[in-house]
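Undergrad: Sharing a structure with you now.
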Amino acid sequence: MEQKHYTVEKAQQILIALLKAHGIKRIIASPGTTNITFVASLQQDPFFEIYSSVDERSAAYMACGMAAETGEPVVITCTGATASRNYMPGLTEAYYKKLPVLAVTANTGPHNIHQLVPQQLDRSSIPNDIAKLSVDLPVVKSDTDYNFCNFQVNKAILELSRNGGGPVHINLATTYSRDFSVEELPSQRVINRISILDGFPSLENKKVGIFIGSHKDFSKEETELIDYFCKCHNAVVFCDHTSGYYGEFRVQYSLVMMQSAPTATKEMDVLIHLGEVSGDYPSMGLKCKEVWRVNEDGELRDTFHHLRYVFDMPESIFFKTLNRNAKPVDNTYLEECISTYRHMYDMIPDSLPFGNIWIAKMLCNELPKSSELHLGILNTLRSWNMFNIRGGVRSYCNVGGFGIDGVMSTTIGASLANTDKLYFCIIGDLAFFYDLNSIANRHLGKNLRLLLINNGRGTEFRNYLHMGHDFGEDADPFIAAAGHYGNKSSKLVRHFAEDLGFKYLTASNKEEFLNVYQEYVSPRATDKPILFEVFTDTQDESDALEIMCKLCQCEEPISRKQVVKNVVKTVVGQSITSKIRNIIR
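Heads up, the sequence shown is in the numbering used here, so the first residue is 4 and it goes up one at a time.
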């Protein structure tokens, strides 16, 4: 008879390889066909210690006894149909005893559920107290499926011991392949969860970066911890305008990462991931070998698809631990990143079309210190993420739910909490009218400054990078929802705003904008809130974005001399740099 090895079914290979990687060797198998590719692969591998039990009820209880006695996880596996139902009493016992029992049931995929196909039961919803977690592993047909299966299995295995431990369920899809010709299991990414009591992996001789998604503002102590970590590890902090970090090593890198041509950005060994959802899509393409996720929720979040460790602890504890006995080193990485960004910035043409991006470039250093900026999602956030905002200005965006609704309401709520601070809101027309009732609120304060960029549609869907752009003007009626809300009426918003007590400003081109914007950004208190309506053209918006994405088509390597020059230029400012140059002359 032909010698059997591992099944060719990749989901099963992933599961088996990760069981081995995590040191899980005890298996209690019940007979069946749906799980045969899994069991037949296990039994040819001497690593596993396999036991047989015909009765699934007994198998689950056997696993309870074995897990309690050894303190180690035990796998139980059975076929489809009611076999899996018979695990429930034993898994209930495991749940309330916090025993690490991993139940692997099998089916042929969701397409056969409720289709009168024999033995294909619906296990998509299970009782709350038979498993801490239930995951599905699909038949792997793509790299996306493969990575997803790896993540799901790691997540399931780690849950066996998390917060005291308990049972976990994996639903494994199969194609009943008869091919058992795979002699070696594929190498798998192993994800580990690290607690405060565990030892930390080493960062010695590794290139390190920190990426922060949306995050509440860091305290002074937290900022100092991050800054000292960067000083000791030659690291930088990649941020956007939702990251809440304003320390010495902040790098606004979206402009570099959005370039369509390759840039000089080097691959990191370790990217430390803090915060929550980010709207900085380009920087999610940062190159790294592995990701260390730090968050006290302890959850696995694989944003960059290279997750290696999850540090289940407050960020301050993480950095305090790594800062212990650490000594400062030369910070060349910060210099490189600042120089690369400055190189991109200097290539922006003066002829940039009038629109979101040009306005962001004009205002980023004009907002009053100690003011607060709220940005609309997508096009507005993207435009402002290309630029650094002057120091002392805090910035936010509703990237949690990432919806069109509520941008102005959020800004208004914040402005009511601190009437001594100015609050700026930059918003597109669809989002503005969606949240229109908010500016009629009788509690509205004089410290509110709204900037409405009105291009008469959801211009995001007409931008050259968006698939809606493929439809040209045919995207307007339904995809981009053009023509609503007065169709760029020059009177509608003016009358509404003035009737509600706003000071109204408007501009339709660069010259008009430059004539009035100083009143909008004035740090002086005004007797009315301000609404500044700017009319732009959707083609100009798209052209400007395309220009910004293609700045480095002919980029040359940056010399060390240029690095230093750009750092000085960035840190001390253009005006002081000019004075120094004149003195030298």
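Backbone N, C-alpha and C fix where the C-beta goes; we use that ideal spot for every residue, glycine too.
1) Expressed to the nearest angstrom, what Euclidean distance is found between the alpha-carbon atoms of W387 and V280?
2) Would you please state the rounded distance, in angstroms, between the beta carbons of R296 and V313? I believe it to be under 8 angstroms.
3) For V120, tell me which candidate among A84, Y99, T108, Y149 has the shortest Cα-Cα distance.
4) Please name the residue, chosen from I30, M365, L22, E225, that lies closest to E514 on a Cα-to-Cα basis.
5) Which runs of the alpha helix (DSSP H) at least 4 residues long sit entirely within the segment 192-267? Give them in chain order.
6) Between the C-alpha atoms of A217 and E225, what's the straight-line distance to the nearest angstrom?
7) Taking the beta carbon of V156 as the centre, do at least 16 other beta carbons fall within 10 Å, making it buried, or is it exposed?
8) Over what stretch of residues does the alpha helix (DSSP H) that includes M271 continue unbroken?
9) Less than 8 angstroms separating the beta-carbons of C552 and M271?
10) Kindly indicate which three-state DSSP category E559 falls into: helix, strand or coil?
11) So, for H8: in the same chain, excluding its five sequence neighbours on each side, which residues have a beta-carbon less than 8 angstroms away from its beta-carbon?
12) Can you list, in chain order, the residues of its chain whose CB lies under 8 angstroms from that of G212, leaving out five sequence neighbours each side?
13) DSSP state of N466, grouped into three classes?
14) What is the DSSP secondary structure of F405, counted as helix, strand or coil?
15) Under the three-state reduction of DSSP, which class applies to Y488: helix, strand or coil?
16) Using a 10 Å radius around the Cβ and a threshold of 16 neighbouring Cβ atoms, would you call P103 buried or exposed?
17) Verify whether the separation of the beta carbon atoms of K424 and T529 is less than 8 angstroms.
18) Y520: which of S56, I362, R393, G416 sits nearest, CA to CA?
19) Less than 8 angstroms between CB atoms is the rule here; does A500 satisfy it with respect to chain C?
20) Could you tell me which uninterrupted beta strand (DSSP E) segments, each at least 3 residues in length, are contained entirely in the segment 384-439, listed from first to last along the chain?
21) Once you ignore the five residues that flank A62 on each side, which residues in its own chain have a CB closer than 6 angstroms to its CB?
22) Under the rule that 16 or more other beta-carbon atoms within 10 Å means buried, what is E72, buried or exposed?
23) On a Cα-Cα basis, can you pick out the residue from D438, F307, D543 that is closest to P356?
24) Give me the Cα-Cα distance between Y437 and L554, rounded to the nearest whole angstrom.
25) Is D283 helix, strand or coil by DSSP?
26) Taking the beta carbon of N174 as the centre, do at least 16 other beta carbons fall within 10 Å, making it buried, or is it exposed?
27) What number of angstroms, rounded off, separates the C-alpha of I583 from the C-alpha of I351?
28) Among residues of its own chain, excluding the 5 on either side of V142, which ones have a beta-carbon nearer than 7 angstroms to its beta-carbon?
29) Straight-line CA distance for E558 to R165?
30) Examine the Cβ distances between the segment 477-487 and the segment 459-467 and report whether three or more of them are shorter than 8 angstroms.
31) Closest by CA to R304, which one among K330, E318, L277?
32) Are there 16 or more other CB atoms within 10 angstroms of the CB of M347, so buried, or fewer, so exposed?
33) Alpha carbon to alpha carbon, how far is R29 from L18?
34) With the cut-off set at 8 angstroms, would you say P532 and L468 are in Cβ contact?
35) Where does C67 sit, in a helix, a strand or coil, going by DSSP?
36) Would you mind listing the alpha helix (DSSP H) stretches within the segment 501-547 that are 4+ residues and don't spill past its ends, in chain order?
TA: Result, derived from the coordinates:
1) 17 angstroms
2) 5 angstroms
3) A84
4) Answer by Cα proximity: M365.
5) 223-236, 257-260
6) The amino acid at residue 217 is misidentified as Ala; the sequence shows Ser. Each residue's Cα considered, the two are about 16 angstroms apart.
7) With a 10 Å radius around the Cβ and a threshold of 16 neighbouring Cβ atoms, V156 comes out buried.
8) M271 -> not in any alpha helix (DSSP H); beta strand (DSSP E) instead, spanning 271-277.
9) no
10) With a pLDDT of only 43 at E559, under the threshold of 50, the placement of this residue in the model should not be trusted; the figure read from the coordinates follows. Three-state result, E559: coil.
11) S44, Q47, F183, S184, V185, E186
12) A238, V239, V240, F241, M271, V273, L274, I275, L289, C291, Y336
13) coil
14) coil
15) Judged by DSSP in its simplified three-state form, Y488 adopts coil rather than helix or strand.
16) The residue in question, P103, is buried, as its Cβ has 16 or more Cβ neighbours within 10 Å.
17) Taking 8 angstroms as the Cβ cut-off, K424 and T529 do not qualify as a contacting pair.
18) I362
19) Among the chains in the structure shown there is no chain C, since it carries only a single protein chain.
20) With a minimum length of 3 residues, the continuous beta strand (DSSP E) runs that stay inside the segment 384-439 are 397-400, 426-431.
21) The answer, listed in chain order, is I31, S33, S56, I79.
22) exposed
23) Checked all of D438, F307, D543; the closest Cα to P356 is D543.
24) 34 angstroms
25) coil
26) buried
27) Note that I583 has pLDDT 37, beneath the 50 cutoff, so the model's placement of it is unreliable and the number below is only indicative. Rounded to the nearest whole angstrom, the CA to CA distance from I583 to I351 is 24 angstroms.
28) A14, G112, A176, T178
29) Reliability fails at E558, whose pLDDT of 43 lies under 50, so the model's placement of it is uncertain and the value that follows must be treated cautiously. If you take the alpha carbons of E558 and R165, they lie about 48 angstroms apart.
30) yes
31) L277
32) buried
33) 14 angstroms
34) no
35) helix
36) 513-524
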